[in-house]
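Some notes on the structure that comes next.
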Ligand SMILES: [Zn+2]
């Protein structure tokens, strides 16, 4: 089955001076329940479907409910200059108009598809599924569990943790106290959301990040419990599932 998305279905594509219009048009439905750009090569489509079938079930269920569409960029990076990106109208109250789309850069296709797919769908879970109270409870729990000496699960989310710590430990005289609190909150929220997505990817894919690439101090078993308790997301490792 083919569905055709227009600006009426996906108004966010008109944002940034129509930068995202390339995500309109036709998508082909696959049996796994998501829609792929029909111009994706067959072997790439198969890799995407296989990865999708291996993300945690609560995430794939949410993606199907939202009729997720997927494409691959022509270069190493996505249109937003990441390895992979999820686009959506996050603030739309009607599910149909959230209209999420995942774009993979060629870099993701080189052995990183499953962790990157898991990461992007975690944004969907974080933003559309969790209540504000759940997000706040997880944020508080994560903040309390990390000291300045700790190293988060991947280099990417650790850099956001460092940015947050740096901001709250320096005196920003260019802003009022109310503004400083707001900026600190933005740094905190950005770190916590990306850390949540990266942690779920690490929990799901034991080889992510690749061995020797990054040394984290985080006890993943504790993180798994924190995530289950505050966000309701249960993540089993694929290693355990296939044992
Ligand atoms: Zn992210």
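Numbering (our numbering), first residue to last: 7 to 249. In this text, a Cβ means the ideal position worked out from N, Cα and C, and glycines have one as well.
Where residue 31 is concerned, there is no enclosing alpha helix (DSSP H), although the beta strand (DSSP E) around it starts and stops at 31-35. Taking residue 57 as the centre and dropping the five residues before and after it, the same chain places the C-beta of 119, 120, 123 closer than 7 Å to its C-beta, in chain order. In this structure, the CA atom of residue 185 is about 33 Å from the CA atom of residue 239. Under the DSSP assignment, residue 109 falls in the beta strand (DSSP E) whose first and last residues are 107-110. Its chain contains 156, 157 as the residues whose beta carbon lies nearer than 7 Å to that of residue 223, once the 5 sequence neighbours on both sides are disregarded; these appear in chain order. The Cβ-Cβ distance between residue 140 and residue 114 does not fall below 8 Å. Using a Cβ distance threshold of 8 Å, residue 207 and residue 214 count as a contacting pair. When DSSP states are grouped into helix, strand and coil, residue 147 belongs to the helix group. Contact annotation: the stretch 48-63 does not touch the stretch 10-29, with fewer than three C-beta pairs closer than 8 Å. With fewer than 16 neighbouring CB atoms inside 10 Å of its own CB, residue 27 falls in the exposed class.
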